[in-house]
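Heads up, the thing below is written out as C-alpha cells.
2 protein chains.
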Amino acid sequence: MARWEPNAIGRLTEAAMQLFGERGYAKTTVEDIAARAGLTERTFFRYFTDKREVLFAGSDQFVKQIVDAVRAAPKASTPLDAALAGHEATSDFFAQRRAFARKRSAVIAAHPELQERELIKLMALAAAITAALEERGVSSAAASLAAEAGLAIFRVGFEHWLKDAKNRSLVFHLRAARRQLEAVVVGPRATRRA
Amino acid sequence: MARWEPNAIGRLTEAAMQLFGERGYAKTTVEDIAARAGLTERTFFRYFTDKREVLFAGSDQFVKQIVDAVRAAPKASTPLDAALAGHEATSDFFAQRRAFARKRSAVIAAHPELQERELIKLMALAAAITAALEERGVSSAAASLAAEAGLAIFRVGFEHWLKDAKNRSLVFHLRAARRQLEAVVVGPRATRRA
DNA sequence: TCTCCTGATGGCAGTTACTGACATGGTCAA
DNA sequence: TTGACCATGTCAGTAACTGCCATCAGGAGA
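Residue numbers (this note's numbering), protein chains in the order written: chain A, 265 to 458; chain B, 265 to 458.
Shown next, in the form of C-alpha cells:
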C-alpha cells in the first residue's frame with residue numbers, strides 16, 4: 265500500500281477548479297485548495313510555481329501534440345494550413361471532455377488573473393508553432409503571422425465549439441473560422457484561391 | 265509653490281522602468297520604486313492596482329485613440345482594413361518615442377509577469393476593436409477574427425518597427441505585415457484581390 | 001532482518017505584494 | 001481667518017511564495 269494518496273497534482277487541480285467555481289479565485293486561498301486535496305500549502309507550491317498555474321498543468325504535452333501535427337502536415341500545405349493541422353489534432357482530445365472544457369473555460373473567463381496566464385500559454389504555443397513552421401522553410405515573419413492567425417482561428421473556433429448546441433466537432437468550427445478569416449482578410453468581393 | 269512634486273504617476277513609472285532595467289522585475293520591490301520616486305509604497309498602490317500596472321498606465325487613452333480611428337474608417341473598408349486603420353493611427357505617436365518604446369519593450373520582453381499584463385491589455389484592445397467593428401455592421405465572428413488578425417499584424421509590424429535600422433514608419437511595417445498575412449492566408453499562388 | 005537511502009510530504013520562519021482605517025498638513029475658496 | 005479638501009503618510013493585517021530542515025514509509029542491498 266502506498267504511503268500517500270496517489271495523483272497529488274490531479275487532486276489539487278480538481279480542488280482548485282471546485283473552489284474557484286464556488287467562491288471565486290480571489291476568495292480561495294492556496295491553503296484552502298491544499299486542504300481540500302488533503303495536502304499542505306507547501307506541497308502545493310512544490311507542484312505549481314504559483315496559484316494560477318494549478319489550472320494549466322500539462323500544457324506542455326498539449327503544445328507538443330500540436331507541434332508534432334504541424335511538423336507532420338503535408339509539405340505542400342500553406343503555412344496557415346500547417347498551423348491549423350496542428351490545432352485540428354486536438355479535436356479528438358477535446359471531444360471527450362466537452363463538459364470539463366466548458367467548466368474550465370467559465371472559471372477562466374470569470375477571472376482576469378487566470379486569463380492572463382492562459383494568454384501567455386497561448387503565446388508560448390504560438391511561438392512553438394512559429395518555430396515549427398520555420399523548420400518547414402517558412403520565413404520568420406510569415407511563420408509568426410501564420411501562427412498568430414492560426415491562433416485567432418483557434419480562439420474563435422474553440423469559443424463557438426464550446427457554445428455549440430449541436431455538438432459539432434472542433435474541426436468543423438475551426439474550418440468555418442478559417443473560411444471566415446479568409447473572407448475578412450481578402451475582402452468580400454475577392455476572387456478565391458485556385 | 266506646490267505642496268508636492270508634480271506628476272507622481274510619471275515619477276513612479278520612470279523609477280520603475282529604471283529599476284526593472286537595472287535589477288530586474290523580481291528584485292525590485294514596490295518600496296524601492298516608491299522611494300526612488302520620493303513617495304511611499306502606499307501611494308504607489310493608490311495609483312496602480314498592482315506592481316505590474318506601473319508600466320501600463322494610460323493604456324485606456326491608447327485604446328480610445330485606436331477605436332476612434334476604426335470608427336472613422338471609410339464605410340467601404342473591409343473589417344481588417346478598418347482594424348488596421350486603427351493601428352495606423354498610433355504611428356505618429358510612436359514615431360516620437362522610438363527610443364522609449366525600445367526600452368519599454370526590452371523590459372517587458374525580459375519579464376514574463378509583464379508580458380502577461382501586456383497580453384491582457386492587447387486582448388482588451390482586441391475586444392474594443394471587435395465591438396467597434398460590430399457597430400459598423402460586421403458579424404460577431406468576422407469582427408473577432410478581423411480584430412485578432414489586425415492584432416497579429418500589429419504585433420509583427422511593431423516588432424519589425426522596433427528593430428528597423430532604417431527607421432521607417434510604423435505604418436510602413438504594418439502594411440508590409442498586412443501583405444504578408446494575406447499571402448499566408450490565401451496561399452502563395454493565389455489570385456490577388458481585385 | 002538490519003540498515004541506509006530515497007523521495008514525497010510537513011513545519012516554520014521570513015519576505016513582499018496588496019488592503020483598510022485613520023492621521024497629517026499645505027492650499028485655496030469663502 | 002478659517003475650514004474643508006485631498007494628496008500623502010503611518011500602521012496593522014492577510015496571503016502569496018521561498019528556503020531550510022525534519023519526518024518517515026518503502027525499497028535495495030548486506
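For every residue, glycine included, the Cβ atom is placed at its ideal position computed from N, Cα and C.
Distance CB(residue i)-CB(residue j) smaller than 7 Å
i	j	result
isoleucine 393(A)	glycine 421(A)	no
valine 294(A)	glutamate 305(A)	yes
alanine 440(B)	glutamate 412(B)	no
leucine 462(B)	serine 369(B)	Residue 462(B) falls outside the range modelled here, since chain B spans only 265 to 458, and no answer is possible.
alanine 406(B)	proline 343(B)	yes
alanine 301(A)	alanine 279(A)	yes
glutamate 269(B)	isoleucine 384(A)	no
alanine 298(A)	phenylalanine 309(A)	no
glutamate 446(A)	valine 448(B)	no
alanine 365(B)	phenylalanine 357(B)	no
serine 341(B)	valine 435(B)	no
phenylalanine 284(B)	valine 371(B)	yes
glutamine 444(A)	leucine 409(B)	yes
alanine 363(B)	isoleucine 330(B)	no
Nearest-angstrom beta carbon gap, residue j and residue i [assumed within contact, 8 Å]
i	j	result
threonine 277(B)	leucine 319(B)	7 Å
leucine 378(A)	tyrosine 289(A)	6 Å
Check whether the segment 343–362 of chain B touches the segment 414–428 of chain B, taking contact to mean three or more Cβ pairs, one atom from each stretch, closer than 8 Å. Yes, they touch.
If you scan the segment 320–371 of chain A from start to end, which runs of the alpha helix (DSSP H) of 4 or more residues do you find wholly inside it? As for any alpha helix (DSSP H) of minimum length 4 sitting wholly inside the segment 320–371 of chain A, the runs are 323–336, 343–352, 355–359, ordered along the chain.
Does the segment 392–410 of chain B touch the segment 318–336 of chain B, meaning 3 or more C-beta pairs lie closer than 8 Å? They touch, by the three-pair rule.
Counting pairs of Cβ atoms below 8 Å between the segment 394–409 of chain B and the segment 310–329 of chain B, do you hit three or more? The way I'd put it, the segment 394–409 of chain B doesn't touch the segment 310–329 of chain B; fewer than three beta-carbon pairs between them come closer than 8 Å.
Any alpha helix (DSSP H) of 4 or more consecutive residues that is wholly inside the segment 368–399 of chain A: Counting only runs of 4 or more, we get 376–399.
My parser needs the alpha helix (DSSP H) runs of 4 or more residues fully inside the segment 401–444 of chain B; what are they? Taking only runs of at least 4 residues, the alpha helix (DSSP H) segments lying wholly in the segment 401–444 of chain B are 404–427.
Ranges of the alpha helix (DSSP H) found wholly within the segment 268–316 of chain B, counting only runs of at least 4: Counting only runs of 4 or more, we get 272–287, 294–300, 305–311.
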